[in-house]
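*Asks:* If you scroll down you'll find the structure; I have some questions about it.
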Amino acid sequence: MRAAAPSQMEGLEKFQSPGKGRGLRALRRFVIGELLFSCPAFTCVLTVNERGNHCECCFARKEGLSRCGKCKQAFYCNVECQKQDWPLHKLECSAMCVFGQNWNPSETVRLTARILAKQKTHPERTESEKFLSIKEFESHLDKLDNEKKELIQNDISALHHFYSKHIEYPDNEALVVLFGQVNCNGFTIEDEELSHLGSAIFPDVALMNHSCCPNVIVTYKGTVAEVRAVQEIEAGDEIFTSYIDLLYPTEDRNDRLRDSYFFTCDCRECFTKEKDKDKLEIRKLNEPLSAEAVRDMIRYARNVIEEFRRAKHYKSPGELQEICELSLDKMGSMFAESNVYMLHMMYQAMGVCLYIQDWEGALRYGQKIIKPYSKHYPSYSLNVASMWLKLGRLYMGLENRPAGVKALKKAIAIMEIAHGKDHPYVIEIKKELETH
1 MRAAAPSQME
11 GLEKFQSPGK
21 GRGLRALRRF
31 VIGELLFSCP
41 AFTCVLTVNE
51 RGNHCECCFA
61 RKEGLSRCGK
71 CKQAFYCNVE
81 CQKQDWPLHK
91 LECSAMCVFG
101 QNWNPSETVR
111 LTARILAKQK
121 THPERTESEK
131 FLSIKEFESH
141 LDKLDNEKKE
151 LIQNDISALH
161 HFYSKHIEYP
171 DNEALVVLFG
181 QVNCNGFTIE
191 DEELSHLGSA
201 IFPDVALMNH
211 SCCPNVIVTY
221 KGTVAEVRAV
231 QEIEAGDEIF
241 TSYIDLLYPT
251 EDRNDRLRDS
261 YFFTCDCREC
271 FTKEKDKDKL
281 EIRKLNEPLS
291 AEAVRDMIRY
301 ARNVIEEFRR
311 AKHYKSPGEL
321 QEICELSLDK
331 MGSMFAESNV
341 YMLHMMYQAM
351 GVCLYIQDWE
361 GALRYGQKII
371 KPYSKHYPSY
381 SLNVASMWLK
391 LGRLYMGLEN
401 RPAGVKALKK
411 AIAIMEIAHG
421 KDHPYVIEIK
431 KELETH
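For the record, in the sequence shown the residue sitting at position 401 is 401 according to UniProt numbering, with numbers rising by one throughout.
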């Protein structure tokens, strides 16, 4: 099927954004909650941990999925989904049988293999590329340090190792470019509680530039990305999404943007830094703290966040809980509970509690997190919605129906704007309210 004219989609246009390169601009007014556009994935891959819970093809979450008869590792809604996915699943099916336990390419490698296969079978522009084709993606190779270049070469080696049977490879230089493009333009698909479901390429969505006060939000309906307004948008306004978690103060956000996307943000939030004081709130103490002591504690907080991120891969839940509790004790001597570094570690501690099914512990952390989250994040934040949702489900599970109903309704109010009133997640949560 032919895609629409490359630079035109209903009410939107591609344009040169001053100082930012390409961007997306509104040609008419959009109201809060309105769908600007949707974009099917050019290609996507379900994360290995969700196999059996979601269909490999359409990402639907359901009971009783059918298993691939050959590899026994991929699951589908029905024969239609299995047939549709076969051109991509065949890249992995026999390899998984041959490698067995040793089959472990990263999600980025799996996604890149699928891009190469899809480009071979669909050389023409696809429905996902009305504004921007994958070939036009930025790769930022000139900005990569040696460590990032080495990681790309490791990915290329893994691609050859696990996928040599079914893919015609371009030369190494072209693969370096492609991995650079995927690293800067790939999307992670998450569920309603922000659990990771998989990775995907949405070319038209990648056209939008970043702002820390975005006017749209990207959500997912299966393997389709949907872009909705979270602020009033006027004709002529540029469309901005957020590439990163907006909880953190300006310096941290820009460190993350420079590291992953190679630019510094100049949005209103980054210029005024008006939320930073609240985000870095210090406890009211008898003796005022020196600027140096605060700086040292911020450095400690950043280090412990990084340490915990690595520790998640190899430490036990008990050890992880200990890291959370010790760091919260130490930071809590100086930081208020609404300080974002405290909130970060509380969120991690809540995750550990959920994992070990300590529902009361998870609820205690969630109750401390929700109010500051609502203050620090922009309106209609998925982080706030998912926290209300977790709280609602915990309250319901612990037989506190009034609190559960209240929390679930708060989640629904945000999600009806961010996801749309007809989204399966919204319908599912409304059902939870009725059946409890």
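Glycine residues also receive a C-beta, built at the ideal position from the N, C-alpha and C atoms. Quantities reported herein were computed from a predicted structural model and do not represent experimental measurements.
Between the segment 166-183 and the segment 136-154, can you find at least three pairs of beta-carbon atoms closer than 8 Å?
*Replies:* Yes, the segment 136-154 is in contact with the segment 166-183.
*Asks:* Count Cβ pairs between the segment 336-352 and the segment 209-220 that sit closer than 8 Å; are there 3 or more?
*Replies:* With a cut-off of 8 Å, the segment 209-220 and the segment 336-352 do not count as touching, because too few Cβ pairs lie within range.
*Asks:* Taking only three categories from DSSP, how would you classify Ser399?
*Replies:* Residue 399 sits at position 399 when you count from the first residue of the sequence shown. In the sequence as presented, Ser is not what sits at residue 399; that position holds Glu. Of the three classes helix, strand and coil, the one that applies to Glu399 here is coil, per DSSP.
*Asks:* Do Ile233 and Ala26 count as a contact pair if the criterion is CB distance below 7 Å?
*Replies:* Translated into the one-based positions of the sequence shown, residue 26 becomes position 26. Translated into the one-based positions of the sequence shown, residue 233 becomes position 233. Result yes, Cβ atoms of Ala26 and Ile233 sit closer than 7 Å.
*Asks:* Where Ile32 and Leu194 are concerned, what is the direct C-alpha to C-alpha distance, given to the nearest angstrom?
*Replies:* The count along the sequence shown starts at 1 and reaches residue 32 at position 32. The count along the sequence shown starts at 1 and reaches residue 194 at position 194. For Ile32 and Leu194, the distance between alpha carbons rounds to 22 Å.
*Asks:* Grouping DSSP H, G and I as helix and E and B as strand, with all else coil, what is Ile134?
*Replies:* For this step, residue 134 is matched to residue 134 along the sequence shown. Helix, per DSSP.
*Asks:* Could you check what DSSP says for Phe263 in three-state terms: helix, strand or coil?
*Replies:* For the purposes of this step, residue 263 is taken as the residue at position 263 of the sequence shown. DSSP places Phe263 in coil when its eight states are reduced to three.
*Asks:* Is the Cβ-Cβ distance between Cys93 and Tyr76 less than 7 Å?
*Replies:* Locating residue 93 in the sequence shown gives position 93, where the first residue counts as 1. Locating residue 76 in the sequence shown gives position 76, where the first residue counts as 1. Not a contact, by the Cβ cut-off of 7 Å.
*Asks:* Kindly list the residues whose CB is nearer than 6 Å to the CB of Gln82, restricted to its own chain and excluding five residues on each side of it in sequence; keep chain order.
*Replies:* Against the sequence shown, residue 82 aligns to sequence position 82. Once the five neighbours on either side are set aside, the close Cβ partners of Gln82 are Tyr76.
*Asks:* Within 10 Å of its beta-carbon, does residue 464 have 16 or more other beta-carbons around it, so buried, or fewer, so exposed?
*Replies:* Coverage of the chain is limited to positions 1 through 436, which leaves residue 464 absent and any answer about it impossible.
*Asks:* How long is the line joining the alpha carbons of Pro6 and Phe131, rounded to whole angstroms?
*Replies:* On the sequence shown, residue 6 is found 6 positions in, with the first residue counted as 1. On the sequence shown, residue 131 is found 131 positions in, with the first residue counted as 1. Confidence at Pro6 is low in this model, with a pLDDT of 42, below 50, so the placement of that residue should be treated as unreliable; the coordinate-derived value is given next. Between Pro6 and Phe131, the C-alpha separation is close to 5 Å.
*Asks:* Out of curiosity, what's the CA-to-CA distance linking Thr47 and Lys375?
*Replies:* For this step, residue 47 is matched to residue 47 along the sequence shown. For this step, residue 375 is matched to residue 375 along the sequence shown. Distance between the alpha carbons of Thr47 and Lys375: 32 Å.
*Asks:* Can you give me the Cβ contacts of Ser327 inside the same chain, cut-off strictly under 7 Å, excluding the 5 residues immediately before and after it?
*Replies:* In the sequence shown, counting from the first residue as 1, residue 327 sits at position 327. Excluding residues within five positions, the ones whose Cβ falls inside 7 Å are Val304 and Met345.
*Asks:* If you check the beta carbons only, do Gly366 and Lys390 fall under 7 Å apart?
*Replies:* As a working note, residue 366 is residue 366 in the sequence shown. As a working note, residue 390 is residue 390 in the sequence shown. Yes. Within cutoff.
*Asks:* Given this structure, state the Cα-to-Cα distance separating Tyr347 from Asp204, to the nearest angstrom.
*Replies:* Along the sequence shown, one-based indexing puts residue 347 at 347. Along the sequence shown, one-based indexing puts residue 204 at 204. Cα to Cα, the separation comes out at about 32 Å.
*Asks:* May I ask you to verify whether the segment 399-418 touches the segment 369-388, counting CB pairs closer than 8 Å and requiring at least 3?
*Replies:* Short answer: they touch.
*Asks:* Please give me, in chain order, every unbroken run of the beta strand (DSSP E) with length at least 3 that falls completely inside the segment 211-270.
*Replies:* Segments of the beta strand (DSSP E) lying fully in the segment 211-270: 216-221 and 224-229.
*Asks:* Would you kindly work out how many angstroms separate the C-alpha atoms of Asp245 and Glu322, rounded to a whole number?
*Replies:* By one-based count along the sequence shown, residue 245 stands at place 245. By one-based count along the sequence shown, residue 322 stands at place 322. Each residue's Cα considered, the two are about 25 Å apart.
*Asks:* Whole angstroms are fine: how far does the CA of Glu138 sit from the CA of Arg295?
*Replies:* Translated into positions along the sequence shown, residue 295 becomes position 295. Translated into positions along the sequence shown, residue 138 becomes position 138. Approximately 36 Å between the Cα atoms of the pair.
*Asks:* Determine the DSSP secondary structure at Ala3, reduced to helix, strand or coil.
*Replies:* Within the sequence shown, residue 3 is the residue found at index 3, counting from 1. Any reading at Ala3 needs caution, since the residue's pLDDT is 43, under 50, leaving its predicted position unreliable; the model's value is listed next. Reduced to three states, the DSSP call for Ala3 is coil.
*Asks:* How is Ile189 classed by DSSP in three states: helix, strand or coil?
*Replies:* Here residue 189 corresponds to residue number 189 of the sequence shown, with the count starting at 1. Strand.
*Asks:* Return the first residue and the last residue of the alpha helix (DSSP H) that Gly21 is part of.
*Replies:* Along the sequence shown, read from residue 1 onward, the residue named residue 21 stands at position 21. Run containing Gly21: none in the alpha helix (DSSP H); it sits in the beta strand (DSSP E), Gly21 to Ala26.
*Asks:* Straight-line CA distance for Val405 to Ile370?
*Replies:* As a first step, residue 405 is located in the sequence shown; it is residue number 405 there, counting from the start. As a first step, residue 370 is located in the sequence shown; it is residue number 370 there, counting from the start. If I take the Cα positions, the gap works out to 16 Å.
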